[in-house]
Every structure is written in C-alpha cells, then in structure tokens.
Amino acid sequence: MDLTNKRIFISGGGGFLGSHLVKALQIRGVGRDQLTFPHKTELDLRRRENCQTAVEGQDIVIHLAAAVGGIGINREKPGEFFYDNLIMGAQLMEAARLAGVEKFVAICAYPKFIPIP
Numbered sequence: 208m209d210l211t212n213k214r215i216f217i218s219g220g221g222g223f224l225g226s227h228l229v230k231a232l233q234i235r236g237v238g239r240d241q242l243t244f245p246h247k248t249e250l251d252l253r254r255r256e257n258c259q260t261a262v263e264g265q266d267i268v269i270h271l272a273a274a275v276g277g278i279g280i281n282r283e284k285p286g287e288f289f290y291d292n293l294i295m296g297a298q299l300m301e302a303a304r305l306a307g308v309e310k311f312v313a314i315c316a317y318p319k320f321i322p323i324p
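Under this note's numbering, read the sequence shown as residues 208 to 324, first letter to last.
Pasting the structure below:
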C-alpha cells in the first residue's frame with residue numbers, strides 16, 4: 208500500500224509493539240506529521256466519543272492498544288481486562304467504519320497453549 212500522504216492513527220503507538228511500528232513506518236518514509244499516536248492518558252478509547260474524534264480525517268487506523276498488566280492483575284480482574292479490550296476494539300472499529308476510514312488493522316492474541324506459572 209502506498210502510504211504517501213496517508214494519515215495514520217495508531218492506538219497503542221507508545222507501547223512496545225506500537226513504538227516499533229512507528230519507527231518502521233518512519234524508516235519507510237512516513238512523516239511524523241502523518242502519524243497520530245496519543246498516549247493512553249491523553250485518549251481513553253473506552254469512550255465512544257473519543258474513538259470518533261480519534262479517527263476523524265484518518266486514512267488508516269492501526270489498533271494496537273490493549274489493557275494489560277501482567278499475570279497477577281489479569282487473574283484478579285479478568286472480566287475488566289476482557290471488557291476494556293473488547294469495548295476499545297469494537298468502538299474504534301465502528302467509529303472508523305462510520306468515518307469512512309480506508310483501512311482498519313487490528314491485532315489479537317489468545318494464549319490458549321501458554322502455561323501460566
């Protein structure tokens with residue numbers, strides 16, 4: 208895909224995976240002014256109106272954000288983590304669809320075969 212003049216919103220762009228993606232896009236010639244990747248403290252994607260605002264004017268949305276916290280907290284609050292991640296993804300995807308975003312990319316992982324210590 209030609210990314211020339213494409214505006215790209217990256218949720219989770221400051222996280223581990225997102226920061227590497229931002230660097231890779233810049234190496235590929237995508238200008239910093241084409242990228243939007245707010246920190247989670249700046250934009251709560253659990254709120255529908257924030258998702259709508261985030262995708263306005265974007266050509267591509269790459270959803271990498273996730274509520275994470277490690278094995279201990281995941282065991283303590285599995286429902287909260289599941290809900291937060293589900294609602295962020297669903298609302299951001301729907302906001303992108305309604306805004307006419309050209310491409311939406313989402314990632315997902317399910318650790319079915321990974322033992323928990």
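Beta carbons: idealized from backbone N, C-alpha and C, even for Gly.
query	result
Within this structure, are the beta carbons of M300 and F311 separated by less than 8 Å?	yes
Can you list, in chain order, the residues of its chain whose CB lies under 6 Å from that of K230, leaving out five sequence neighbours each side?	none
For H246, does the count of other Cβ atoms within 10 angstroms reach 16, so buried, or fall short, so exposed?	exposed
Give the straight-line distance between the Cα atoms of S226 and G220, rounded to the nearest whole angstrom.	5 Å
Which term fits I328, buried or exposed, when burial requires 16 or more other beta carbons within 10 angstroms of its beta carbon?	Given that the chain is displayed from residue 208 to residue 324, the structure contains no residue 328 and the question cannot be resolved.
Distance check for G286 and G307, CA to CA, integer angstroms please.	31 Å
Whose CA, out of A302, A274, I280 and R282, lies closest to the CA of Y290?	A274
What is the DSSP secondary structure of H270, reduced to helix, strand or coil?	strand
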